[in-house]
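**Q**
Residue numbers (our numbering): 5 to 630.
#1: Quick one: what's got a C-beta closer than 6 angstroms to residue 477's C-beta in the same chain, skipping five residues either side?
#2: Can we say the region 257-273 touches the region 234-243, given the rule of at least three CB pairs closer than 8 angstroms?
#3: For residue 104, tell me which candidate among 91, 83 and 525 has the shortest Cα-Cα distance.
#4: Do you know how far the Cα of residue 19 is from the Cα of residue 308?
#5: Within 7 angstroms (strictly less), CB to CB, does residue 177 reach chain C?
#6: Can you list, in chain order, the residues of its chain whose CB lies under 8 angstroms from that of residue 619, leaving out five sequence neighbours each side?
#7: CB residue 319 to CB residue 253, shorter than 7 angstroms?
#8: Give a yes or no on contact between the region 342-360 and the region 275-288, applying the rule of three or more CB pairs nearer than 8 angstroms.
#9: Tell me the DSSP secondary structure of residue 541 in three-state form.
#10: Taking C-alpha atoms, which residue in 75, 604, 127 and 596 lies nearest to residue 567?
#11: Is the beta carbon of residue 312 sitting closer than 7 angstroms to the one on residue 368?
#12: In chain order, what residues of the same chain have a beta carbon less than 6 angstroms from the beta carbon of residue 420, not counting five sequence neighbours either side?
#13: Is DSSP giving residue 257 helix, strand or coil here?
#14: Decide if residue 140 is buried, meaning its Cβ has at least 16 other Cβ atoms within 10 Å, or exposed.
#15: Within this structure, are the beta carbons of residue 117 and residue 212 separated by less than 7 angstroms?
#16: Per DSSP, which one or two residues make a beta bridge with residue 104?
#17: Could you check the C-alpha separation between residue 109 and residue 183 for me, to the nearest Å?
#18: Could you give the DSSP three-state label for residue 297: helix, strand or coil?
#19: Should residue 409 be labelled buried (16 or more other beta-carbon atoms within 10 Å of its own) or exposed?
#20: I'd like to confirm the pairing. Which residues does DSSP put opposite residue 460 in its beta bridges?
#21: Between the alpha carbons of residue 405 and residue 440, how many angstroms are there, rounded?
#22: Would you please state the rounded distance, in angstroms, between the beta carbons of residue 126 and residue 189? I believe it to be under 8 angstroms.
#23: DSSP state of residue 187, grouped into three classes?
#24: So the candidates are 555, 576 and 519; which of them puts its Cα closest to the Cα of residue 611?
#25: Buried or exposed: residue 86, going by 16 or more other Cβ atoms within 10 Å of its Cβ?
#26: If you run the structure through DSSP and keep just helix, strand and coil, what is residue 163?
#27: Taking 8 angstroms as the limit between beta carbons, can you name the residues of its chain near residue 192, skipping five residues before and five after?
#28: Using only alpha-carbon positions, find the residue among 512, 550 and 564 that is nearest to residue 571.
#29: Shortest alpha-carbon distance to residue 62 belongs to which of 378, 134 and 394?
#30: Mark residue 594 as exposed unless 16 or more other C-beta atoms lie within 10 angstroms of its C-beta, in which case mark it buried.
#31: Pull up the distance between the alpha-carbon of residue 363 and that of residue 281, whole angstroms please.
#32: I'd like the list of long-range same chain contacts for residue 402, defined as Cβ closer than 6 angstroms, with 5 residues on each side in sequence excluded.
#33: Is residue 122 near residue 149, with beta carbons less than 7 angstroms apart?
#34: Count the other C-beta atoms from every protein chain shown that fall within 10 angstroms of the C-beta of residue 157, then say buried if there are 16 or more, exposed otherwise.
#35: On the three-state DSSP scale, how would you describe residue 455?
#36: Tell me whether the beta-carbon of residue 302 lies closer than 7 angstroms to the beta-carbon of residue 267.
In structure tokens, the structure reads:
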């Protein structure tokens with residue numbers, strides 16, 4: 005244990021050469037990215053923000069034709085005298101008259117009465133009298149009930165016309181002693197006519213119950229769509245690159261009618277991803293930056309709407325939509341299915357996709373793929389909803405007016421003014437430089453792989469981000485710098501002669517340096533951090549420096565073994581769970597020693613001839629140990 009009299013020596017002179025490495029890396033090394041920004045030969049569309057758009061037809065209208073046949077029986081009841089045009093929807097010759105046949109007992113007028121009392125007759129024995137449909141529509145003559153009014157017998161002739169052309173001629177014998185149904189006396193039906201002309205060879209005839217059939221054809225249009233409609237679940241995704249900060253609902257949209265929930269549009273309001281639901285709108289807190297590509301998604305599961313920008317999501321409870329059937333419009337905002345437009349998007353758009361389901365969180369992240377993107381027409385990588393993909397426009401044509409549907413559903417669209425462009429719609433995404441389990445890394449000639457944008461040269465790795473070593477053996481000599489955190493885990497090892505420099509460190513179940521070779525450059529390591537760190541179940545042999553002069557972090561050792569020297573400038577320094585330091589500890593602040601932990605005097609490493617930021621050949625505690 006450290007005696008109660010505490011530290012009796014001031015902090016050593018320290019030339020912080022390590023912070024210089026972090027500063028240099030931050031200024032000179034590109035932020036590490038996990039992908040190389042995609043295919044530079046990719047095509048996309050650029051919209052000018054004034055009148056450019058793409059239209060994809062989704063609605064299909066089919067006509068259902070229904071024919072109904074109506075039996076019409078003209079009885080003349082309630083009529084008397086000259087028959088007026090319009091009766092029974094017919095025009096009548098001016099010598100077509102009606103009388104009460106029951107008033108003429110023992111006459112053909114009475115014999116012609118079939119129902120009621122009234123019968124039709126040809127006044128003044130007028131020949132070639134007629135009736136015709138008032139609107140020119142066709143009818144079928146079926147039968148009539150007829151008698152000769154005055155003559156004992158005579159011949160009645162019926163002629164059927166269509167558009168002025170004679171189509172049928174029928175004759176029958178009639179008497180004044182009994183009425184007769186025409187169809188029972190060799191008068192067959194007359195089809196497809198609009199006029200019947202009557203003539204006879206003796207005085208009046210009397211007719212009742214003219215029976216016709218009229219067919220009415222009704223065409224009923226029916227509109228269908230495979231797009232999500234009404235309150236159905238859905239997901240819409242796109243890559244977008246706005247060139248201004250103007251508000252628009254029209255990045256991708258469908259629906260008509262605006263309010264009462266009739267729209268579904270993906271927009272950008274106040275530079276944030278927004279849903280246009282037709283007065284059921286929502287502006288998220290997810291920023292879509294100007295002049296950068298972003299992967300944007302709106303998902304609706306029937307209860308909630310979730311918005312995504314580059315894998316980060318936000319959700320709100322919003323439901324009860326009534327999205328109307330329409331076409332899809334990309335790059336423009338319309339409430340009337342493209343008859344007019346209210347606003348336009350300015351910038352690039354690529355890879356627009358629509359599903360009739362709410363994709364899972366895992367699927368959306370798989371499509372984002374850490375910024376690399378993924379083909380929505382192919383299942384894989386955690387994405388499995390190709391079957392529910394209703395349209396997918398990759399804009400890879402590069403010329404012409406047609407934009408092809410990559411979903412296989414044949415929903416090709418038409419480009420209206422948007423300009424074909426070449427370039428990747430994905431951008432390099434910041435991420436740690438990672439070394440997977442089993443990696444053998446020789447710092448003398450390091451192989452950092454191809455999926456990164458960090459400096460990786462002989463005897464130096466400089467990463468403007470985090471570094472993660474998992475079950476990695478690091479040999480050789482040199483320095484490893486990270487502007488973020490260096491993580492060593494799962495039995496990783498670091499040979500002596502290597503310096504680790506980072507803002508933060510985290511070692512778990514790892515081994516660094518060799519205390520038995522402290523007098524050799526291949527024995528000790530140097531570990532420098534600026535914001536503390538966590539060392540758990542690990543062993544470190546060498547010099548550890550925590551330059552947390554702002555006291556913002558903690559420097560914590562759990563169940564670990566440290567051989568060598570520790571130089572600490574931070575106020576939160578703890579040894580926990582049987583941690584043992586053998587060598588020397590120099591701390592600007594008190595050290596908290598818990599749970600059977602200890603500091604024991606022991607050997608210190610030699611850095612003779614090396615610049616470690618301290619006086620030559622001097623390690624903290626080497627001349628005044630505790």
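Note that CB positions come from ideal geometry on N, CA and C, so glycine has one too. Bear in mind that the values here come from a model prediction, so they are computed numbers and not experimental data.
**A** Taking the structure as given:
#1: As a first step, residue 477 must be located in the chain shown, where it is residue number 473. A distance below 6 angstroms between beta-carbons, with the five flanking residues on each side excluded, links residue 477 to the following residues of its chain, in chain order: 444 and 497.
#2: Yes, they touch.
#3: Position 100 of the chain shown, counted from the start, is the residue given in the question as residue 104. With distances taken between Cα atoms, residue 104 lies closest to 83.
#4: Position 304 of the chain shown holds residue 308. Position 15 of the chain shown holds residue 19. One C-alpha to the other measures close to 57 angstroms.
#5: Although the question refers to chain C, the structure presented lacks it and comprises just one protein chain.
#6: Translated into the one-based positions of the chain shown, residue 619 becomes position 615. Excluding sequence neighbours, residue 619 sits near 16 and 17.
#7: Counting from 1 along the chain shown, the entry for residue 319 is found at position 315. Counting from 1 along the chain shown, the entry for residue 253 is found at position 249. Between residue 319 and residue 253, the gap from beta carbon to beta carbon reaches 7 angstroms or more.
#8: Judged by Cβ distances under 8 angstroms, the region 342-360 makes no contact with the region 275-288, as fewer than three pairs qualify.
#9: Indexing the chain shown from 1 puts residue 541 at position 537. Residue state, collapsed to three classes: coil.
#10: In the chain shown, counting from the first residue as 1, residue 567 sits at position 563. Relative to the Cα of residue 567, the nearest Cα in the group 75, 604, 127 and 596 belongs to 604.
#11: Within the chain shown, residue 312 is the residue found at index 308, counting from 1. Within the chain shown, residue 368 is the residue found at index 364, counting from 1. Yes, they are a contact pair.
#12: Working through the chain shown from its first residue, we reach residue 420 at position 416. Answer for residue 420: 57, listed in chain order.
#13: As a first step, residue 257 must be located in the chain shown, where it is residue number 253. DSSP places residue 257 in strand when its eight states are reduced to three.
#14: Numbered from 1 along the chain shown, position 136 holds the residue referred to as residue 140. Here residue 140 is exposed, its C-beta having fewer than 16 other C-beta atoms within 10 Å.
#15: As a first step, residue 117 is located in the chain shown; it is residue number 113 there, counting from the start. As a first step, residue 212 is located in the chain shown; it is residue number 208 there, counting from the start. In terms of Cβ geometry, residue 117 and residue 212 form a close pair [threshold 7 angstroms].
#16: Walking along the chain shown from the start, residue 104 turns up at place 100. DSSP output for residue 104 lists 122 as bridge partner(s).
#17: Position 105 of the chain shown, counted from the first residue, corresponds to residue 109. Position 179 of the chain shown, counted from the first residue, corresponds to residue 183. Distance from the CA of residue 109 to the CA of residue 183, rounded to the nearest whole angstrom, comes to 13 angstroms.
#18: Start at 1 with the first residue of the chain shown, and residue 297 comes out as number 293. Residue 297 falls in the coil class under three-state DSSP.
#19: Translated into positions along the chain shown, residue 409 becomes position 405. Looking at its Cβ environment, which holds 16 or more other Cβ atoms inside 10 Å, residue 409 is buried.
#20: Position 456 of the chain shown, counting from 1, holds the residue named residue 460. Bridge partners of residue 460: 465.
#21: On the chain shown, residue 405 is found 401 positions in, with the first residue counted as 1. On the chain shown, residue 440 is found 436 positions in, with the first residue counted as 1. Residue 405 and residue 440 have their C-alpha atoms spaced approximately 47 angstroms apart.
#22: Locating residue 126 in the chain shown gives position 122, where the first residue counts as 1. Locating residue 189 in the chain shown gives position 185, where the first residue counts as 1. Contact between residue 126 and residue 189 fails: their C-beta atoms lie close to 19 angstroms from each other, not under 8 angstroms.
#23: By 1-based counting over the chain shown, the position of residue 187 is 183. In the structure shown, residue 187 falls within a helical segment according to DSSP collapsed to helix, strand and coil.
#24: The count along the chain shown starts at 1 and reaches residue 611 at position 607. It is 519 whose Cα lies nearest to the Cα of residue 611.
#25: If you number the chain shown from 1, residue 86 lands on position 82. By the neighbour-count criterion, in which 16 or more other beta carbons inside 10 Å mark a residue as buried, residue 86 falls on the exposed side.
#26: On the chain shown, residue 163 is found 159 positions in, with the first residue counted as 1. Correct three-state label for residue 163: strand.
#27: The count along the chain shown starts at 1 and reaches residue 192 at position 188. Excluding residues within five positions, the ones whose Cβ falls inside 8 angstroms are 174.
#28: The residue given as residue 571 occupies position 567 in the chain shown. The residue with the shortest Cα to Cα distance from residue 571 is 550.
#29: Residue numbering aside, residue 62 sits at position 58 when the chain shown is read from its first letter. Considering only alpha carbons, the answer is 394.
#30: To locate residue 594, count along the chain shown from 1; it is residue 590. With a 10 Å radius around the Cβ and a threshold of 16 neighbouring Cβ atoms, residue 594 comes out exposed.
#31: Position 359 of the chain shown, counted from the start, is the residue given in the question as residue 363. Position 277 of the chain shown, counted from the start, is the residue given in the question as residue 281. Each residue's Cα considered, the two are about 19 angstroms apart.
#32: The count along the chain shown starts at 1 and reaches residue 402 at position 398. Excluding sequence positions up to five before and after residue 402, its CB lies within less than 6 angstroms of the CB of 47 and 424, all in the same chain and listed in chain order.
#33: Indexing the chain shown from 1 puts residue 122 at position 118. Indexing the chain shown from 1 puts residue 149 at position 145. It is not a contact, given that the beta carbons lie outside the stated cut-off.
#34: For the purposes of this step, residue 157 is taken as the residue at position 153 of the chain shown. By the beta-carbon neighbour count (other beta carbons within 10 angstroms, threshold 16), residue 157 is exposed.
#35: Translated into positions along the chain shown, residue 455 becomes position 451. Residue 455: coil per DSSP, three-state reduction.
#36: Taking the chain shown and counting its residues from 1, one reaches residue 302 at position 298. Taking the chain shown and counting its residues from 1, one reaches residue 267 at position 263. Going by beta carbons, residue 302 and residue 267 fall outside the 7 angstroms limit.
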